[in-house]
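> Sequences listed follow chains A and B, in order.
Residue numbering for the first sequence follows this note's numbering, starting at 3 and increasing by one per position.
Residue numbering for the second sequence follows this note's numbering, starting at 631 and increasing by one per position.
No residue lacks a Cβ here, since even glycine has one placed at the ideal position from N, Cα and C.
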Amino acid sequence: MSSITKTDILIIGAGPVGLFAVFELGLLDLKCHLIDILDRPGGQCAELYPEKPIYDIPAWPSISAQGLVDKLMQQIEPFGPAFTFNRMVSGVEKLGDGSFRVTTDESEVFEAKAIVIAAGGGSFQPKRPPIPGIEEYEGKSVFYSVRRMEDFRGHDLLIVGGGDSALDWTLNLQPLARRLTLVHRRAEFRASPDSVNRMFALHEKEQIGFQMGQVTGLKGENGELRAAMVKGPHGDVEIPCTRMLPFFGLTMKLGPIADWGLNRHENLLPVDTEKFQTSEPGIFAVGDINWYPGKLKLILSGFHEVALMAQAAKRYISPGERIVFQYTTSSTSLQKKLGVAG
Amino acid sequence: MTKITYIAFDGTPFEVDAENGSTVMENAIKKGVPGIEAECGGACACATCHVYVDEEWTGVVGEPEPMEEDMLDFAFDVRPNSRLSCQIKVRDELDGLVVRVPERQG
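#1: Since I161/A sits in a beta bridge, which residues does DSSP pair it with?
#2: Can you list, in chain order, the residues of its chain with a C-beta nearer than 8 Å to that of F126/A? Leave out the 5 residues immediately preceding and following it.
#3: For H306/A, name the three-state secondary structure that DSSP assigns.
#4: Between which two residues does the beta strand (DSSP E) carrying I119/A extend?
#5: Identify the residues that DSSP records as bridge partners of K96/A: which are they?
#6: For T275/A, which residues from the same chain have a beta carbon less than 7 Å from its beta carbon, with the 5 sequence-adjacent residues on both sides left out?
#7: What residues in its chain sit with their C-beta under 7 Å from that of G100/A, if we drop five residues either side in the sequence?
#8: Can you list the residues of chain A that C572/B reaches, using a CB-CB cut of under 7 Å?
#9: Is Q127/A close to chain B? Criterion is C-beta to C-beta, closer than 8 Å.
#10: Compute the Euclidean distance between the alpha carbons of E324/A and F87/A, then round it to the nearest angstrom.
#11: Tell me the DSSP secondary structure of W62/A in three-state form.
#12: Within its chain, find whatever has a CB closer than 6 Å to the CB of R200/A; leave out the 5 residues flanking it on each side and keep chain order.
#13: Go through its chain and collect everything with a Cβ distance to R188/A's Cβ below 8 Å, but skip five positions before and after it.
#14: What does the alpha-carbon distance come out to for the pair Q279/A and G304/A?
#15: Measure the Cβ-Cβ separation of T632/B and K719/B and say whether it is below 8 Å.
#16: Using only alpha-carbon positions, find the residue among F22/A, L74/A, T105/A that is nearest to K8/A.
#17: Can the beta-carbon of L264/A be found less than 8 Å from the beta-carbon of I291/A?
#18: Kindly list the residues whose CB is nearer than 8 Å to the CB of S346/A, restricted to its own chain and excluding five residues on each side of it in sequence; keep chain order.
#19: Does DSSP classify W262/A as helix, strand or coil?
#20: Comparing C-alpha positions only, which one of W171/A, P177/A, V94/A, S64/A sits nearest to V118/A?
#21: Tell me S712/B's beta-bridge partners as DSSP assigns them.
#22: Are the stretch 4–24 of chain A and the stretch 73–93 of chain A in contact at 8 Å, needing three or more beta carbon pairs?
#23: Our contact map puts C676/B next to E669/B with C-beta atoms below 8 Å; I'd like the distance itself, whole angstroms only.
#24: Is the Cβ of Q216/A closer than 8 Å to any Cβ of chain B?
#25: Grouping DSSP H, G and I as helix and E and B as strand, with all else coil, what is M231/A?
#26: Where does G20/A fall in DSSP's three states?
#27: Can you tell me which of L702/B, R734/B, V663/B puts its alpha carbon nearest to the alpha carbon of Q717/B?
#28: With C-beta atoms as the reference, is R89/A less than 8 Å away from D107/A?
#29: Could you tell me the distance, in whole angstroms, from the CA atom of F704/B to the CA atom of P83/A?
#30: Where does H236/A sit, in a helix, a strand or coil, going by DSSP?
#31: Over what stretch of residues does the alpha helix (DSSP H) that includes H205/A continue unbroken?
#32: Where does S335/A land, buried or exposed, given buried means 16+ other C-beta within 10 angstroms?
#33: Should Q209/A be labelled buried (16 or more other beta-carbon atoms within 10 Å of its own) or exposed?
#34: Whose C-alpha, out of G257/A, I14/A, E282/A, Q176/A, is nearest the C-alpha of F85/A?
#35: Looking at the structure shown, is I133/A part of a helix, part of a strand, or coil, going by DSSP?
#36: Between C676/B and chain A, is there a C-beta pair that is closer than 8 Å?
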């Protein structure tokens, strides 16, 4: 087993609510480690709509989603949270002393005294293009990411999409592939202009193929792809290929947390409104992922939830300890933790 | 009020009286039209409120902006009359608009 990372609180999800949980838990002297599937903090705010203004954050008449994330990062800095990005949690195990052992999809192991699930709409995962029967090819000849470029050497490769991922992999895999065809719905691309120009240059030299259209069907046997049917502007075309890489953006799924044995309300985790605790003592859920009567999916509500949850988590970890309620405006001990004591 | 008709994939029609300035997506969600998901809540960031504008209405409704075109890349079975309903603002000229819900969202 690889080395174990120990922390007080493991927070799953580094969106705005997960980030603010660091603050509230930090005031109670609990150290946090956050895990997120994305490569940076901010969750949906950073991934889906970084430039959109948000109008219902108290005292901010208007703040961009990325701006909010930046401010939260600044606000929790005194507590020195640790981050692990590009990872999805997989398993959880409750240990004899009431603490938890959590593993990730890359087999890292964390031990925490309590868990806070702040996973929003779920973890971001590649969107599966709606092609009938694609499931039987997934993991064998259809892949949503490139782990090892060598795996694609010598293949007839079909890359689908018009964004940066599609274009970057077109440029990077072209030298390795036996033949590479890019399929996109239209002649305009969302990718950086430089990548688009380089792709068109390769196309002009006939080093790659480009087909406008949408993939409607796959042909092959036992998960091994032989060709893709593409509906183009001039009818259906069959493109021979042995590997396909669709890049259709990301969608959100609850993921392995669904198998943790926690009570669920559809894809949400029911909690009480005193502790925001799930059906498993010591596992809390805050923000968009939880459900209780009257729940509103607002960042504002998530902030409130973490303040109460932090008290409950502290009591779970240190049952006998008296928690003194204090204000950041007047408490020198809180101000010391924030690094602002005079 | 502007009348909008949504036709679900199974053919069931849903009629709403929409307020001008609201979006075609918002009214679908309020009415509970099946098949309109609007995962991102109207930020033009997800392509799960994809609809087909009835051919008679495409001229009035207009073309998508470049940002919406980019998002449509992620939608399923995109056609020339595809739009993201969160990007269509209700206005007087759209009275009687008919949109169809695709088989599935992305």
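Taking the structure as given:
#1: L184/A, L247/A
#2: I39, L40, E49, L252, T253, M254
#3: helix
#4: 111–119
#5: F102/A
#6: Y294
#7: G284
#8: Outside the modelled stretch of chain B, which goes from 631 to 736, sits residue 572/B, for which no answer is possible.
#9: no
#10: Here the sequence assigns Arg to residue 324/A, which means Glu is not the residue at that position. Distance between the alpha carbons of R324/A and F87/A is about 35 Å.
#11: strand
#12: L173
#13: G164, M214
#14: 14 Å
#15: no
#16: T105/A
#17: no
#18: There is no way to answer for residue 346/A, as the model of chain A reaches only from 3 to 344.
#19: coil
#20: V94/A
#21: Y682/B
#22: yes
#23: 4 Å
#24: yes
#25: strand
#26: helix
#27: L702/B
#28: yes
#29: 35 Å
#30: coil
#31: 195–206
#32: exposed
#33: exposed
#34: I14/A
#35: coil
#36: yes
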